[in-house]
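Please read the structure below before turning to the comments.
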Amino acid sequence: MAMIVSHAAAGVTPETYWQLVLPNTPMPKSLIQLLNNVAIVPSSTAPTRALAKASNVVGSGSGSSNSPFLYHAYKDAATHDQLKYDPNLVIFFFENELQRGKGMNLNFTKTTTPFSTFLPREVAETIPFSSKKLLEICARFDIKPDTLDSRLMNETLSICEGEGAEGEDKYCATSLEAMLDFSTSMLGDDEVRAISTEVKYSTKETTTPLQMYVIQGVKKLADRAVVCHKQNYPYAVFYCHKTDTTTLVYAMSLVGEDGTKAKAVAICHTDTSKWDPEHLAFRILKVKPGTTTVCHFLPQKDFAWVPYRTYPHGLNLPSFEALFLKKSLNMSFGVWILMEMMKIDVWVVIIFRLGKHE
């Protein structure tokens, strides 16, 4: 018989735990979408939970061993499938291209199928998470062995069990609480913020065509981060990692030719000296390892965790937002406090004002 655990009966909910750890930080909508009001943990008789196929991408996929964006993949040469990329599509780019008015050919897509969501930590911890227990896990989720779903699950387990790259701290989080704990411990800050690439589509279509997007505004968020990539699994699992080299995080707003608007996050790697010379990034940019900073957009459904700066009176804003508001929006400190009290996300204000200036 399937076990059903309601948040009301499960003790501290993921939302409550978030408030305990980050009382001054609203949970992003993209994370809220990954929560379940009722968590269903299947047994052999329970319905199958849909696997997340990592189809929410910017340029290329996330969440599989074939992704060029996972840190462990940087030690590998470009795969046969990766080399089939569209040369007109921007996948990797240089840091100096992050300028207002710069155009990039991109296509943003979102999945139309159900995607896996978080289980409460106390539930997730009761489920085996080991490639040695794959058959048992498949049985609990009513997934047949030797199917695409089971192979994707095994791939995720293998990635999580494998050794991290040199200088990489890695962890596979099987719950929001676990992801929050790892990110805050790695950054060593009392306050952190999770950000992701978000798209507002101009039509009801789920896929925008490959088209030119123009950067409307850009700002550097941080020079260190924990990046978490969503994996293929029956419930939400994230491969989270932090490197000992400088990782630059940028936020920007973009507008496509058809009116699609995106709030995108770019990750820039300043030290590529230990990457495989045949990695896809060097094939595309035609450079050698260690010679330049390499950037890519953070795929949708992935998250970057960045530190907050603490301001007087308990107001916490990311450094880029504080500077952006002060210099570009002429916003007084009193208005900052009012926004904090009303829980207004400054991203909304930034994008609104950027659009207004165009």
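Under our numbering, the sequence shown has 43 at position 54, and the numbering climbs by one with no breaks.
We treat Cβ as the ideally placed atom computed from N, Cα and C, and that holds for glycine.
Close Cβ partners of residue i (< 7 Å) along its chain, the five nearest in sequence each way excluded
i, result
"valine 10", "Leu169 and Thr173"
"alanine 28", "With a pLDDT of 44 at alanine 28, under the threshold of 50, the modelled position of this residue cannot be trusted, and the question is left open."
"alanine 167", "Arg110"
"glutamate 150", "Ser120"
"aspartate 135", "none"
"proline 36", "Below a pLDDT of 50, predicted positions are generally treated as unreliable, and proline 36, at 39, falls in that range; no measurement from the model is reported."
"glutamate 152", "none"
Rounded C-alpha distance that separates residue i from residue j
i, j, result
"isoleucine 148", "valine 215", "17 Å"
"threonine 261", "alanine 255", "16 Å"
"lysine 219", "glycine 90", "31 Å"
"tryptophan 7", "proline 296", "15 Å"
"glutamate 86", "lysine 275", "15 Å"
"tyrosine 160", "lysine 231", "9 Å"
"threonine 2", "proline 117", "21 Å"
"methionine 142", "leucine 123", "8 Å"
"lysine 208", "phenylalanine 271", "25 Å"
"asparagine 352", "leucine 78", "With the chain running from -10 to 347 in the structure shown, residue 352 is simply not present."
"lysine 277", "leucine 269", "11 Å"
"serine 139", "alanine 154", "26 Å"
"aspartate 75", "threonine 145", "26 Å"
"isoleucine 273", "phenylalanine 81", "7 Å"
"leucine 210", "threonine 192", "30 Å"
"glutamine 88", "valine 188", "19 Å"
"cysteine 217", "proline 17", "14 Å"
"alanine 128", "proline 223", "12 Å"
"aspartate 131", "isoleucine 21", "26 Å"
"glutamate 125", "leucine 23", "25 Å"
"glycine 206", "glycine 92", "12 Å"
"phenylalanine 348", "glutamate 180", "It is not possible to answer for residue 348, since the shown part of the chain is limited to -10 through 347."
Selection from the options that minimises the alpha carbon distance to residue i
i, options, result
"asparagine 13", "Ala183, Glu267 and Ala251", "Ala183"
"threonine 163", "Arg89, Thr2 and Ala225", "Ala225"
"asparagine 94", "Ile204, Glu150 and Ala113", "Ile204"
"glutamate 4", "Phe107, Glu150, Cys127 and Pro76", "Phe107"
"glutamate 84", "Lys290, Trp294, Gln289 and Cys284", "Cys284"
"alanine 240", "Gly153, Asp247 and Lys252", "Lys252"
"leucine 351", "Leu23, Pro17, Phe81 and Trp294", "The chain is shown from -10 up to 347; residue 351 falls before or after that span and cannot be answered."
"glutamine 200", "Cys217, Glu187, Gly245 and Thr136", "Gly245"
"aspartate 178", "Glu152, Gln22 and Arg213", "Arg213"
"proline 198", "Met16, Phe81, Thr98 and Gly92", "Thr98"
"phenylalanine 171", "Lys133, Ile126, Leu210 and Phe227", "Phe227"
"leucine 243", "Trp264, Asp265, Cys257 and Tyr202", "Tyr202"
"glutamate 114", "Asp135, Glu152, Leu165 and Ile21", "Leu165"
"asparagine 221", "Asp131, Phe286 and Leu137", "Leu137"
Beta bridge counterpart(s) of residue i as assigned by DSSP
i, result
"glutamate 187", "Lys252"
"proline 296", "Val181"
"valine 226", "Note: valine 226 sits in no beta bridge, so no partner."
"histidine 268", "Answer is none; histidine 268 lacks a bridge partner."
"leucine 16", "It is methionine, not leucine, that sits at residue 16 in the sequence shown. Partner(s): none; methionine 16 has no beta bridge."
"glycine 245", "Tyr202"
"threonine 232", "Glu157"
"leucine 95", "Gln200"
"leucine 237", "Cys257"
"valine 216", "His230 and Ala293"
"phenylalanine 286", "Ala255"
"phenylalanine 83", "Val283"
Nonlocal neighbours in the same chain, by C-beta distance under 6 Å from residue i, ignoring five residues either side
i, result
"tyrosine 190", "Thr249"
"serine 185", "Ser19 and Phe292"
"glycine 279", "Thr261 and Ser262"
"asparagine 25", "Thr106"
"cysteine 257", "Glu84, Leu237, Thr282 and Cys284"
Own chain partners of residue i with C-beta closer than 8 Å, once the 5 adjacent residues on each side are dropped
i, result
"threonine 349", "Nothing about residue 349 can be read from this structure; the chain reaches only from -10 to 347."
"lysine 133", "Cys127 and Ser139"
Interface flag, residue i vs chain D, CB-CB below 8 Å
i, result
"glutamate 114", "As a matter of chain content, chain D is missing from the structure shown, which is built from one protein chain."
Original post:
Mind pulling the beta strand (DSSP E) runs of 3 or more residues that sit fully within the segment 108 to 182?
Top reply: Here the runs fully enclosed are 157 to 162.
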